[in-house]
Amino acid sequence: MGSFAKHVILTHANLNKAPHLPSTTTAPAATRTSRRSAVVWTASFLVSAMLEVRRPPPPAEAESWGTRSFIWEKYFSPGLSPEEAVARIRQTTEGMHDMRHMLDTLSWRYVMFFIRLKSAYLDSDLKNAMATLPENRRRAYVKVANEVVDNMSELDRYVRSPKVYESYVYYEKALKSLDDLLVLLT
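With the sequence shown counted from 1, adding 186 to any position gets you our numbering.
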């Protein structure tokens, strides 16, 4: 209440003074137009910047953001070619080899997320990669691919529990079966 009274008093105290009027000399027309052009230029710049922000990024940049829609990839995205599937299996194997540090530090959550992500892609990649093999090697490929899937699911199970010894055992089994799979694919 005190602050309201202070503002009312200040307002009534200044009523006796004459309002501040600009001087009778007018500013030159050049300064008025330059200010007007600056305001117009700033407004047009802001509008164009806002329109630029709303524009979607080019497709090449959108892929490098790191955010993906797993539902879109699973149900609506076309599958990879067999050669790309083999390359992704090779990349998965390298990633599994590099995962040793996470197991040593017992980072179970990261290991579990990594294994589940790679397992989800590995299912479709194993089916696509079979097209690169000749008929006589497909039976051995199916056997090794089933071992890979079984070992990855067991590794996921023991990482989820978390049981250290069993996790290491199935990690080594999964690595061995992935390496055998790469030997068959090359």
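Note that the Cβ used here is the ideal one computed from N, Cα and C, for glycine as well. Predicted, not measured: the structure shown is a model, and the values here were computed from it.
Within a Cβ cutoff of 7 Å, which residues of the same chain sit near residue i, ignoring the five residues on either side of it in sequence?
i, result
"VAL297", "MET285, MET288, LEU289, VAL345"
"PRO268", "ASN314, ALA315, ALA317, THR318"
"TYR327", "MET316, LEU319, LEU370"
Classify residue i: buried if its beta carbon has 16 or more other beta carbons within 10 angstroms, exposed otherwise.
i, result
"SER220", "exposed"
"SER353", "buried"
"MET236", "exposed"
"ALA248", "Unreliable placement is indicated for ALA248, whose pLDDT of 46 sits below 50; the coordinate value is still reported in the next sentence. Result: exposed."
"ALA331", "buried"
Can you tell me which of the options puts its alpha carbon nearest to the alpha carbon of residue i?
i, options, result
"ASP311", "LEU371, SER267, ALA271, SER353", "ALA271"
"LYS329", "LEU370, SER230, HIS283", "LEU370"
"LEU292", "TYR351, ARG325, ALA326, LEU303", "TYR351"
"THR372", "ALA273, PRO348, TYR357", "ALA273"
Can you list, in chain order, the residues of its chain with a C-beta nearer than 6 Å to that of residue i? Leave out the 5 residues immediately preceding and following it.
i, result
"ALA360", "ASN337, MET338, LEU341"
"SER305", "MET338"
Leaving out five residues on either side along the sequence, give the residues of the same chain with a beta carbon under 8 Å from the beta carbon of residue i.
i, result
"LEU308", "ILE275, THR278, VAL334, VAL335, MET338"
"VAL300", "Before going on, a small fix: residue 300 reads as Phe here, not Val. Excluding sequence neighbours, PHE300 sits near GLY281, MET285, MET288."
Comparing the CB of residue i with every heavy atom of the ligand GTP, is any distance shorter than 8 Å?
i, result
"LEU237", "Among the ligands in the structure shown, none appear at all, so the ligand GTP cannot be discussed."
Exercise. Take every Cβ of the stretch 309-325, pair it with every Cβ of the stretch 359-366, and state whether three or more of those distances are shorter than 8 Å.
Key: In short, these stretches do not touch, since the Cβ pair count stays below three.
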